[in-house]
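Going from the first sequence to my numbering is simple: count from 1 and add 143. A virtual CB, placed ideally from N, CA and C, is assigned to each residue, including glycine. Inspection log for the structure reproduced underneath, given as structure tokens.
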Amino acid sequence: MSLQVHNTLTRTREEITPRHGEGQTLSLYTCGPTVYAHAHIGNFRAYVFEDLLQRHLQERGFIVRRVMNLTDVDDKTIRGAHAAGIALADYTRPFKEAFFEDVKTLRLLPAEAYPAATDPEQIARMIAMIAILMEKGNAYQAEDGSVYFRIASFPDYGRLAHVDLENQRSGQRVASDEYDKEAVADFALWKAWVPEDGPVGWESPWGKGRPGWHIECSAMATGLLGETIDIHCGGVDNIFPHHEAEIAQCECAAHGEKPFVRYWMHCAHLMVEGSKMAKSAGNFFTLRDLLQKGWTGREVRYALISVHYRGALNFTIEGLGSARTALGRLDAWRARLYETAGSETAAERPDPATEGFFSALDDDLNISAALAVLFETLRESNRRMDMGNEEKLTPAQARGLLNWLVRVDGVLALEADSSTTIPAEVEELVAARAAARTGKEWKKSDEIRDQIAALGWIVKDTKDGQKLTKA
RNA sequence: GGCGGGGUAGCCAAGUGGUAAGGCCGGGCUCUGCAAAAGCCCCAUGCGACGGUUCGAUUCCGUCCCCCGCCUCCA
């Protein structure tokens, strides 16, 4: 089966294919964070979905060139910098750094590039693109000095969101500075400098100012990936107007190659404990908040990845608990397979049904069906490791499953962190306890267990001896 | 009003015109000095409501109810 995804533009499932002359390469543009605060769990839902997409595309042999932008100039960042009394760059820097730490924590593959809106070369690209739009009559400078995109010049506007502007309830937020626009729906390409911007601003053919949000993605995406991008992702809330605006800008500025994007993919929103995540509701989480409460990156990753991207995800603490338990089972299973495989290097191909994991993902990233294959494989092989007869799982079969798991984890990235080193002190206690147990000195054994626990380790007795895990 | 997403066991969640995957919780058993963990087994005559089509519908059609999101810079 071919890899198919739901394309927001056509509202149908379409097979992903590379473009002619591009070999197996696919370009992927993903809208990144606005660095005015720490990214929250809802932002990461989108990034985890995009990561799953990228990893599965790679598993299927595609070479993915992904770009993710960083919005480091907008109303919020300017306001934040002003409130803190520091320069814009100094205000956004720590949030950028924090974002990259979070990316690692959640095991997101790094993008090929993370262009920031304030990079001089990106500002130059944006100005160049606006100039083309001005030249072609798709943009105009208004009385207020700002440059706007003329939506009337692009009949296709609304095609992605399937909206007819005539039918829209006109926005209630028509700010006074928008009186200068030809049409209410026209959006800013270049925002003229205003006193509130303070030291933030760049010179342009239209005077000092700063770029509009939409032009940022358009310029960076086409600048780094070309006039046509294969896949563009984001959250559903970006469909309109952001992505609609990107299409308008890019297709009007293009030298011919169209469309701007071949496959649009959008993930649904995330809710927390059944309600919309909001600071006022007290259910607003950043990744950092969760780490502080003792949850790990991979537990959060599991919780975020395990629900289909186009369905609303209800993020709950109970769900994190579920994730922890399920991951524990996977860890224990993997460890058991390692033991069974031993030093065997020859691998026997696992049951063909295990390929169902990947074919499920071919079906618009049906993660639920994929995980079902994983857990069915777990149960079946555990059953066979329990057996004592000729059906018992052989080392070669275990090795085969481990090899399959390498591919599975290439997509899920949920394997336990590489074994943490056990302190010598704990090692000694374990050895002492082993001796005590050989002599059936149960009281001493229990005391040592308490000592080990005090050092932050949990010891469990299995038929193969003591097993240590970090508390 | 327009455009979307969704209502499947206590919770999360796939899926199919032919009698309901998987995860968590719960119950049972095995292992076990104890503890903990792990493993195996069990756990929806039911898929928002009501009609219709059909030998048969959760799945198709119709009507309706409810929840969530977007509608100008929030993933």
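For residue i, the three-state DSSP class (helix, strand or coil)
i       : result
Thr-581 : helix
Asp-380 : helix
Thr-155 : strand
Asn-150 : strand
Met-530 : coil
Pro-538 : helix
His-181 : coil
Ser-170 : strand
Val-573 : helix
Phe-500 : helix
His-409 : strand
Arg-316 : Residue confidence is low: Arg-316 scores 42 on pLDDT, short of 50, so the model does not pin down where it sits. Its coordinate-derived value is still stated next. Coil at Arg-316, not helix or strand.
Thr-605 : strand
Ser-449 : coil
Thr-520 : helix
Ser-347 : coil
Asn-426 : coil
Ala-597 : helix
Asp-506 : strand
Arg-492 : coil
Glu-321 : In this predicted model, Glu-321 has a pLDDT of only 48, less than 50, meaning its place in the structure is not dependable; the value taken from the coordinates is given anyway. Here Glu-321 sits in helix by DSSP.
Asp-373 : strand
Lys-401 : coil
Leu-557 : coil
Ser-145 : coil
Gly-352 : strand
Lys-436 : coil
Residues near residue i by beta carbon distance below 8 Å, same chain, minus five either side
i       : result
Ala-232 : Asp-215 and Thr-261
Asn-426 : Val-415, Glu-416, Ser-418 and Met-420
Lys-324 : Ala-285 and Tyr-291
Ile-601 : Ile-595, Leu-611, Thr-612, Lys-613 and Ala-614
Val-246 : Tyr-190 and Pro-253
Residue range of the alpha helix (DSSP H) that includes residue i
i       : result
His-305 : Unbroken run through His-305: none, as it is neither H nor E.
Arg-467 : 460-484
Thr-365 : 356-368
Ile-565 : Taken as a continuous stretch (DSSP letters only), Ile-565 belongs to no alpha helix (DSSP H), as it is neither H nor E.
Ala-396 : 387-396
Pro-176 : Element bounds for Pro-176: n/a, residue is neither H nor E.
Ala-267 : 263-278
Straight-line gap, residue i to residue j (C-alpha atoms, nearest Å)
i       : j       : result
Ala-244 : Ala-469 : As written in the sequence, residue 244 is Glu, which differs from the Ala given in the question. If you take the alpha carbons of Glu-244 and Ala-469, they lie about 25 Å apart.
Gly-175 : Ala-259 : 10 Å
Ala-362 : Arg-268 : 6 Å
Gln-392 : Phe-292 : 8 Å
Leu-557 : Thr-173 : 22 Å
Lys-422 : Ser-296 : 40 Å
Ser-170 : Thr-605 : 50 Å
Lys-613 : Ile-565 : 9 Å
Asn-532 : Arg-526 : 12 Å
Ala-578 : Ile-591 : 11 Å
Val-379 : Glu-255 : 24 Å
Ala-328 : Gln-265 : 25 Å
Met-272 : Leu-504 : 37 Å
Ser-502 : Leu-473 : 21 Å
Leu-368 : Ile-382 : 20 Å
Ile-372 : Ala-574 : 59 Å
Glu-278 : Cys-395 : 11 Å
Ala-541 : Phe-403 : 47 Å
Gly-352 : Lys-401 : 30 Å
Asn-106 : Glu-570 : For residue 106 there is no data in the structure shown, the boundaries of the chain being 144 and 614.
Cβ-based neighbour list, residue i, same chain, cut-off 6 Å, excluding 5 preceding and 5 following
i       : result
Leu-251 : Tyr-190 and Asp-194
Glu-442 : Leu-463, Ala-466 and Arg-467
Phe-205 : Gln-167 and Leu-169
Glu-519 : none
His-149 : Arg-156 and Asp-507
Ala-397 : Glu-370
Ala-489 : Ala-539
Own chain partners of residue i with C-beta closer than 7 Å, once the 5 adjacent residues on each side are dropped
i       : result
Asp-320 : Legend: pLDDT at Asp-320 = 46, less than 50; position of this residue unreliable, value from coordinates given subsequently. Hits under 7 Å: Asp-287.
Asn-457 : Met-414 and Gly-417
His-181 : Phe-238, Ala-241, Thr-429 and Arg-431
Phe-500 : Ala-513, Val-516, Leu-517 and Val-551
Glu-387 : Tyr-300, Gly-301, Leu-303 and Ala-304
Arg-188 : Cys-410, Leu-413, Leu-447 and Leu-456
Start and end residues, beta strand (DSSP E) containing residue i
i       : result
Gly-608 : 608-613
Ala-331 : 331-335
Tyr-283 : 282-284
Leu-292 : Strictly speaking, residue 292 in this sequence is Phe, with Leu absent from that position. Taken as a continuous stretch (DSSP letters only), the beta strand (DSSP E) holding Phe-292 covers 290-292.
Self-check item: Ordered list of beta strand (DSSP E) runs contained in the stretch 181-259, each at least 3 residues
Solution: 206-211
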